[in-house]
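When you read off a place in the sequence shown, starting at 1, and then add 1340, the result is the number in this note's numbering. Every residue, glycine too, gets a C-beta built ideally from N, C-alpha and C.
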Amino acid sequence: MKKSALLYAVLVIAPLGLVSCNSGAYGGGGGGATNITKPPSGLTERVLASQSASSPSAAPGLIIVNGFNDTVGRGAISAGTSPTFMETSPQRAILLAFDSATNKVEVVSTTKETLTGSIQLPGPTTSIAVPQSGIGYAAVPTAPLNGSSPGAVVEMNLTSGGVTATISVPNAQTVISNSNATQLLVFSNDSDAVTIVSPLLLNSGSPATVSVPGFDRPVYGFFNGSSAYILNCGAECGGTQASVQILNLATTPPTAGALVPVDGATIGFLSGSTLYVAGNSPANSLCTGETTAAKTCGRLDTVDLGSMTVTGSAVITDGYHNRIDMGLNGQLFVGSHTCTNVGNVNNVTGEVRGCLSIYNTNNGSVVIPPDNGDVTGLQSFMTRYVEYVAEGGNLRVYDTTKDILLENDFISTGTITITGVITDVKAVDFF
């Protein structure tokens, strides 16, 4: 397998493989659009990168990146003292950044490019859902509650600010919402049940939460009308067998349904009736087909949801997989943390690998880029064949056309040094 060339660039200076961008519709690259009200930065194809300070010369905040040509724009947005992961509202007018230093959710107006408020959480979170512009939900596993075990889903009012409800869900780790915020799926650590929360039933006298047993360390899910597809972590999380399992939401009460075993299941990407599922299998962890110093590897399985069968499998990097995104040309980027890092990106004398795998859904090949560190953010583009990757505190830019045209060879064309540590990256304009 041909190794890819390291993207030493924190950001690529020269434009990468653009498809035809309509300058009349966008204009972020100086194309001269006149029918768009531009934000204060003057850019209309923006990407925000959360930066934590690592030196006196790097102020924490959200760096504004010009997504048209991969350059740093003018100014930045304040977002607490240590902004980490981010989530956007469906129309991307609101962005939430979690400040790990204060356990606050920083509310940012992307149209005004300014901080509009902060919401104090009762503890740290790694999962926020924003189903609507005015409302958000955060899973807080250590939230203290009188008369019950720690853990809650916190409902936030993003317009007026503040917490509007604290819903008891012991050890709540991950929260996912349907499109109209009428149902939430909540996943708790070391649990074999999925909790369903119905926010509209809060304060109605009817139960707003129901716990559905019959799963195997569930950690994530995808709504599908009157049902949902649940990822069972299984053995990787102290359970028995990883699988994709149906949750029947239309029954009273909701019930666990049919399942298909997979190698590992901690994160997935749904594309039509195909679900790509990544994870680790304690029973199938060899790096078969790869020449690597890593002793264990993860797995990416392809599941046909129509027949509930596994139709393919690929070897990827190990670690806990919790980032996944599909770029143009069918390039599936899969990221993990606490993986096996090999070599040193700053002293390339042999193999270098980290926590990123790139799976070509067109031909089944896998590229492990020579970069070190945890993958903490992924962002694809609608009109560009590039993928932004936050890995090891750096922001990399990958040209996805090279995977197909040059036999899995990813290249960069320059560098820009960003002093701070980049944790996440989010596009805030539709392009």
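Quick check: the Cα distance between V1729 and R1663, rounded to an integer number of angstroms? Computed Cα separation, rounded: 10 Å.
Compute the distance between the beta-carbons of V1387 and V1412, then report whether it is under 7 Å. Against a cut-off of 7 Å, the Cβ pair of V1412 and V1387 comes out as no contact.
Report yes if the C-beta distance between N1588 and S1621 is below 7 Å; otherwise report no. No, Cβ-Cβ distance for N1588 and S1621 is not below 7 Å.
Whose C-alpha, out of G1565, V1617, G1597, G1629, is nearest the C-alpha of A1582? Among G1565, V1617, G1597, G1629, the Cα nearest to that of A1582 belongs to V1617.
Who does I1708 pair with in a DSSP beta bridge? I1708 pairs with nothing; no bridge assigned.
Considering only residues of the segment 1507-1564, which uninterrupted alpha helix (DSSP H) runs meet the minimum length of 4 residues and lie entirely inside it, listed in chain order? The qualifying runs do not exist here; there are none.
Run of the beta strand (DSSP E) containing E1576, from where it starts to where it stops: No beta strand (DSSP E) contains E1576, which DSSP labels as neither H nor E.
Would DSSP call T1657 helix, strand or coil? In this structure, T1657 counts as coil in the three-state DSSP scheme.
How long is the line joining the alpha carbons of A1512 and L1542, rounded to whole angstroms? Between A1512 and L1542, the C-alpha separation is close to 18 Å.
Assuming contact is defined by CB atoms lying nearer than 7 Å, are F1673 and L1718 in contact in what I supplied? One thing to note: F1673 has its Cβ within 7 Å of the Cβ of L1718.
Which partner residues does N1431 have in the DSSP bridge list? The residue you asked about is not Asn; residue 1431 is Gln in the sequence shown. Under the DSSP definition of a beta bridge, Q1431 lacks any partner.
Rounded to the nearest angstrom, what separates N1443 and L1461 at their Cα positions? When only Cα atoms are considered, N1443 and L1461 end up about 6 Å apart.
Please report the straight-line C-alpha distance between I1536 and Q1523, rounded to a whole angstrom. When rounded, the distance between both Cα atoms is 7 Å.
With DSSP as the reference, label G1491 as helix, strand or coil. Looking at G1491 - three-state DSSP - the assignment turns out to be coil, as it is neither helix nor strand.
What residues are listed by DSSP as bridge partners for P1484? Looking at the DSSP output, P1484 sits in no beta bridge, so it has no partner there.
Quick one: using the 10 Å Cβ neighbour count with 16 as the cut-off for buried, is M1666 buried or exposed? Buried, because 16 or more other Cβ atoms sit within 10 Å of the Cβ of M1666.
Beta-carbon proximity check, P1558 vs V1534, cutoff 7 Å: Yes, Cβ-Cβ distance for P1558 and V1534 is below 7 Å.
For P1423, count neighbouring Cβ atoms within 10 angstroms of its own Cβ and tell me buried if that reaches 16, exposed if not. Counting Cβ neighbours within 10 Å, P1423 comes out buried, since at least 16 surround it.
Just verifying my parser: in three-state terms, what is the DSSP assignment at P1380? It is coil, neither helix nor strand.
I need the straight-line Cα distance from M1722 to L1668, nearest angstrom please. Rounded to whole angstroms, M1722 to L1668 spans 7 Å at the Cα level.
Which whole-angstrom value is the C-beta distance of G1554 and A1596, which I expect to be below 8 Å? In this structure G1554 touches A1596 by the C-beta definition: roughly 3 Å separates them, less than 8 Å.
Looking only at its own chain, which residues have a Cβ that is under 8 Å from the Cβ of D1530, when we skip the five neighbours before and after it? Within the same chain, Cβ atoms closer than 8 Å to the Cβ of D1530 are found at N1511, R1557, C1577, G1578, the five residues on either side in sequence being excluded.
Using CA atoms only, rank isn't needed, just tell me which of D1532, T1466, V1550 is closest to P1594. In terms of Cα proximity to P1594, the closest of D1532, T1466, V1550 is V1550.
Hey, which unbroken runs of the beta strand (DSSP E) at 3 residues or more fall wholly within the segment 1629-1701? Taking only runs of at least 3 residues, the beta strand (DSSP E) segments lying wholly in the segment 1629-1701 are 1638-1644, 1649-1656, 1660-1667, 1671-1677, 1696-1700.
Taking buried to mean at least 16 other C-beta atoms within 10 Å of its own C-beta, is V1688 buried or exposed? By the Cβ-count criterion, V1688 is exposed, with fewer than 16 other Cβ atoms from all chains shown falling within 10 Å of its own Cβ.
What residue range does the beta strand (DSSP E) around N1721 cover? According to the sequence shown, residue 1721 is Phe rather than Asn. No beta strand (DSSP E) holds F1721; DSSP gives it neither H nor E.
Residue range of the beta strand (DSSP E) that includes G1597: Secondary structure note for G1597: its beta strand (DSSP E) is the uninterrupted segment 1595-1601.
From F1609 to L1615, what does the alpha carbon distance come to, in whole angstroms? Going by the C-alpha atoms only, they are around 6 Å apart.
To which residues of the same chain is S1538 closer than 7 Å at the C-beta, ignoring the five residues directly before and after it? Only residues of its own chain outside the window of five on either side were considered, and among them T1522, Q1523, A1548 have a CB closer than 7 Å to the CB of S1538, listed in chain order.
When D1644, I1708, E1495, N1486 are compared against I1586, the one with the closest alpha-carbon: Closest by alpha carbon: D1644.
In three-state DSSP terms, what is T1454? Strand.
Shortest alpha-carbon distance to H1661 belongs to which of G1670, T1649, V1494, T1680? For H1661, the nearest C-alpha among the options comes from T1680.
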